[in-house]
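Numbering (the working numbering), first residue to last: 32 to 325. Just so you know, even glycine gets a beta-carbon here, dropped at the ideal spot from N, CA and C. Some notes on the structure that comes next.
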Ligand SMILES: [Zn+2]
């Protein structure tokens with residue numbers, strides 16, 4: 032099955048590497064919590080496919096986040112993927128945009144950022160670009176054009192049940208690469224013929240055979256992708272500890288409990304006064320913590 036997966040391939044005779052992404056259950060889970068208007072849903076779906084493709088071009092042990100913020104009808108779009116292929120994402124909107132052209136959806140002031148948080152780096156890497164072109168795919172191409180030396184082409188497709196994407200990238204020159212200046216042009220010209228429907232429905236093997244049957248293609252084993260939020264009781268504990276005991280006790284006094292709702296997956300974390308007392312006693316060590324029996 033090609034659903035919820037990312038497949039890498041090489042078009043050896045073109046000096047091009049690529050990826051195909053297909054998300055169905057993951058995409059269904061991403062939309063389960065919120066009833067998105069069609070144009071918002073489309074652009075969120077494109078962002079899911081684009082983020083999976085983007086992450087596939089880099090080696091990282093952490094997470095990659097694609098985010099768009101602006102003052103338009105949709106003011107926030109965020110999609111995140113971990114190195115294990117766990118994805119989550121959401122969009123926030125005021126009004127349904129009339130189309131899916133990025134600057135009209137997000138506003139002329141909108142910026143797209145790609146953030147890579149790798150466990151081995153202390154500082155996250157962030158690239159920020161304005162939203163260029165008529166589609167999110169154009170914006171992603173523009174991002175690659177300014178941030179990568181390697182020529183990159185991206186195709187995105189969204190249907191009611193699935194999202195899909197295709198990425199092509201020139202291979203860095205090496206002694207192993209074939210000297211074929213026309214390879215990139217040929218690979219892209221063929222990819223340009225792919226319809227959204229094909230991208231969504233065809234298995235990688237079938238699609239690559241259809242496109243590149245005259246080329247030498249190697250398809251590698253695919254990576255599994257899934258919707259999985261990384262929120263947890265522990266992270267929520269830490270967030271509350273960050274707020275401070277006085278603040279948290281105020282909330283309990285006012286509302287009887289503290290309830291934290293994850294916007295990505297709809298998980299609820301609830302704390303009553305006993306939980307709050309345990310939380311601050313455990314982490315900060317209140318003066319009477321020496322009384323604790325073991
Ligand atoms: Zn969550």
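In this structure, residue 60 has its CB at a distance of at least 6 Å from all heavy atoms of ligand 1. In the DSSP assignment, residue 113 falls within the beta strand (DSSP E) that extends over 105-113.
Closest in alpha carbon position to residue 92, among 86, 100, 108 and 114, is 114. Just measuring C-alpha positions, the residue of 105, 43 and 264 sitting nearest residue 131 is 105. Using a cutoff of 6 Å, the CB of residue 298 counts as near ligand 1, since one of the ligand's heavy atoms is closer than that.
In this structure, residue 295 has its CB closer than 6 Å to one or more heavy atoms of ligand 1.
Fully contained in the stretch 179-228 are the following alpha helix (DSSP H) runs of length 4 or more, in chain order: 214-222. The beta carbon of residue 57 sits no closer than 6 Å to any heavy atom of ligand 1.
Collapsing the DSSP output to three states places residue 258 in a strand. At the C-beta level, residue 257 and residue 117 come within 7 Å of one another.
One thing to note: residue 107 has its Cβ within 7 Å of the Cβ of residue 123. Residue environment analysis places residue 151 among the exposed positions, since fewer than 16 neighbouring C-beta atoms fall within 10 angstroms of its C-beta. With respect to the C-alpha of residue 74, the residue from 253, 188 and 101 having the closest C-alpha is 188. Between the alpha carbons of residue 65 and residue 286 lies a distance of about 26 Å. Boundaries cannot be given for residue 64, as no beta strand (DSSP E) includes it and DSSP labels it neither H nor E. If the five residues before and after residue 126 are omitted, its C-beta is found closer than 8 Å to the C-beta atoms of 104, all from its own chain and listed in chain order. The alpha-carbon separation between residue 147 and residue 155 amounts to approximately 6 Å.
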